[in-house]
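Chemist: Counting along the sequence shown from 1, when you hit position 50 you're at 50 in UniProt numbering, and nothing is skipped either side.
Before I ask anything, here is the structure I am working with.
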Amino acid sequence: MAKTSMIAKSEQRKAVVARHAARRAELKEQLRTGSPDERAAAVAALQKLPRDSSATRVRNRDVADGRPRAYLRAFGLSRVRFREMAHRGELPGVTKASW
């Protein structure tokens, strides 16, 4: 189980990313297509946004207990929780490999 403060911090970062996503996308588009003056202004505006508004600062965590490592995106679980739930038959369509 991850520290509850770390889970809360991760949730807060997700909220900040969602709040600034549209503005951030506009500025990124200006960086790609704008004139040199527009690009300079876009860079300055991006730097003024909160650091946590970048999606790369959000850590994927297990939805069950918040474990940050060995995260399986397809299931939203860590490898440990995935294995436990698969053995109990709680994940539809997941079977143990046999050949």
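We put the CB at the ideal spot given by N, CA and C, even for glycine.
Model, not experiment: these values are computed from the prediction.
#1: Looking at the unbroken alpha helix (DSSP H) that takes in V16, where does it start and where does it end?
#2: If we ignore side chains and look at the alpha-carbon of each, how far apart do E29 and A86 end up?
#3: Please state the DSSP three-state secondary structure of S78.
#4: Please state if the CB of R39 and the CB of L49 are separated by a distance shorter than 8 Å.
#5: Find the nearest neighbour of A25 within the set E11, R57, L46 and K14, judged by alpha-carbon distance.
Modeler: With the structure as the only source:
#1: T4 to T33
#2: 43 Å
#3: strand
#4: no
#5: L46
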